[in-house]
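Colleague:
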Amino acid sequence: AETYFERWPRLLNGSLLPGLRAVVGKTPRALRFNGGPEWLLRVSLALVRAPVRRFSPVAAVVCKAGARRARRRKCSNADSEGRRYKYSVEGAEARVNVARLGMRDWAW
45 AETYFERWPR LLNGSLLPGL RAVVGKTPRA LRFNGGPEWL LRVSLALVRA PVRRFSPVAA
105 VVCKAGARRA RRRKCSNADS EGRRYKYSVE GAEARVNVAR LGMRDWAW
């Protein structure tokens, strides 16, 4: 849990930088494509040799109210509550997973 919750403070205070450099190596341009928050989490977990497998989303990027397009792409159709998502599959998976988490006696 410490690795998960401490990645942002470690990024800000610079202590994560050596590990990031080790992963990126001599190709810093790779950060252009892989430098998002999920990648940072993956690198942080890899640095402590934590086993990582795929996990389902419990959040999704929602398009601004009234918008038909998100940056570089069309927003999804509105769901039953009127929300439109940047990535329709991510939105659908997140809604299902959040519903499951609210079910009694349900576990991953």
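If you count by our numbering, then the sequence shown holds residues 45 to 152, one letter each, in order.
Glycine included, each C-beta is placed from N, C-alpha and C at the ideal position.
For Gly-135, does the count of other Cβ atoms within 10 angstroms reach 16, so buried, or fall short, so exposed?
Modeller: buried
Colleague: Can you check which of these residues, Thr-47, Leu-84, Val-133 and Tyr-48, is closest to Arg-218 by C-alpha distance?
Modeller: The first residue shown for the chain is 45 and the last is 152, placing residue 218 beyond what the model contains.
Colleague: Who are the Cβ neighbours of Lys-130 in its own chain at under 7 Å, not counting the five residues just before and after it?
Modeller: Val-105, Cys-107, Ala-114, Arg-117 and Cys-119
Colleague: Pull the bridge partners of Lys-118 from the DSSP assignment, please.
Modeller: DSSP output for Lys-118 lists Arg-113 as bridge partner(s).
Colleague: Taking all protein chains shown into account, decide if Leu-60 is buried (16 or more other Cβ within 10 angstroms of its Cβ) or exposed.
Modeller: buried
Colleague: For Val-106, which of helix, strand or coil comes out of DSSP?
Modeller: It is a strand residue.
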